[in-house]
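K.L.:
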Amino acid sequence: MTTPLDPAAVIAAFIDRVSPYNPHPDVAPVAVIGVRTALGEDVFTLSDHVIRAMCRALESYRDPEDRGNCSNCGGRHLDENLHCRDCGQLHGILGQVMAEHARRVATTGEDSP
Ligand SMILES: [Zn+2]
50 MTTPLDPAAV IAAFIDRVSP YNPHPDVAPV AVIGVRTALG EDVFTLSDHV
100 IRAMCRALES YRDPEDRGNC SNCGGRHLDE NLHCRDCGQL HGILGQVMAE
150 HARRVATTGE DSP
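In the working numbering, the protein residues as written are 50 to 162.
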């Protein structure tokens, strides 16, 4: 379940948070973005400083479900244990540690790290 979100309010808050640090507050706005949702409609004029900040924020966003690509099949649906839902491959340090541990247990019978 997702919490209710007012995108226009979020954008307004972002602008408030970032614009005090605009090194050139006297330069005219360079971008206009409009947001229309069920909650209403807003148009924001953005300075170069704010639109750059917004682009950086968007570029750095990753979906919480995005854990990279499977090196085996290229699938993009790794679960929280980095286990590929498409082909079953196990990834990352955890996958390596588990595979090594399983190998050690198999060869020595020892079950401690
Ligand atoms: Zn896979």
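Beta carbons are placed, not taken as given, at the ideal position from N, Cα and C, and that holds for glycine. Computed from a predicted structure; not experimentally measured.
Between which two residues does the beta strand (DSSP E) carrying Arg85 extend?
P.N.:
For this step, residue 85 is matched to residue 36 along the sequence shown. 80–86 is the extent of the beta strand (DSSP E) around Arg85.
K.L.:
Rounding to the nearest angstrom, what Cα-Cα distance links Leu107 and His132 in this structure?
P.N.:
Translated into positions along the sequence shown, residue 107 becomes position 58. Translated into positions along the sequence shown, residue 132 becomes position 83. Each residue's Cα considered, the two are about 27 Å apart.
K.L.:
Using C-beta distances below 6 Å, list every residue in its chain close to Thr86, excluding the 5 sequence neighbours before and after it, in chain order.
P.N.:
Taking the sequence shown and counting its residues from 1, one reaches residue 86 at position 37. Closer than 6 Å at the Cβ level, and outside the excluded window around Thr86, lie Pro56.
K.L.:
Since I believe Val79 is in contact with Ile100 (beta carbons under 8 Å), could you give me their beta-carbon distance rounded to a whole number of angstroms?
P.N.:
As a working mapping, residue 100 is identified with position 51 in the sequence shown. As a working mapping, residue 79 is identified with position 30 in the sequence shown. The Cβ separation is near 6 Å, so the contact holds.
K.L.:
Expressed to the nearest angstrom, what Euclidean distance is found between the alpha-carbon atoms of Pro74 and Ile82?
P.N.:
The residue you call residue 74 lines up with position 25 of the sequence shown. The residue you call residue 82 lines up with position 33 of the sequence shown. Each residue's alpha carbon lies about 19 Å from the other.
K.L.:
Closest to Ala61 by CA distance: which of Ser109, Ala155, Pro53, Val84 is it?
P.N.:
As a working mapping, residue 61 is identified with position 12 in the sequence shown. Residue Val84 is the option with its Cα nearest to Ala61.
K.L.:
What would DSSP say about Asp65, mapped onto helix, strand or coil?
P.N.:
Taking the first residue of the sequence shown as position 1, residue 65 is located at position 16. Helix.
K.L.:
I'd like the span of the alpha helix (DSSP H) that includes Asp97, first residue to last.
P.N.:
On the sequence shown, position 48 is the one that residue 97 refers to. Here the alpha helix (DSSP H) through Asp97 covers 97–109.
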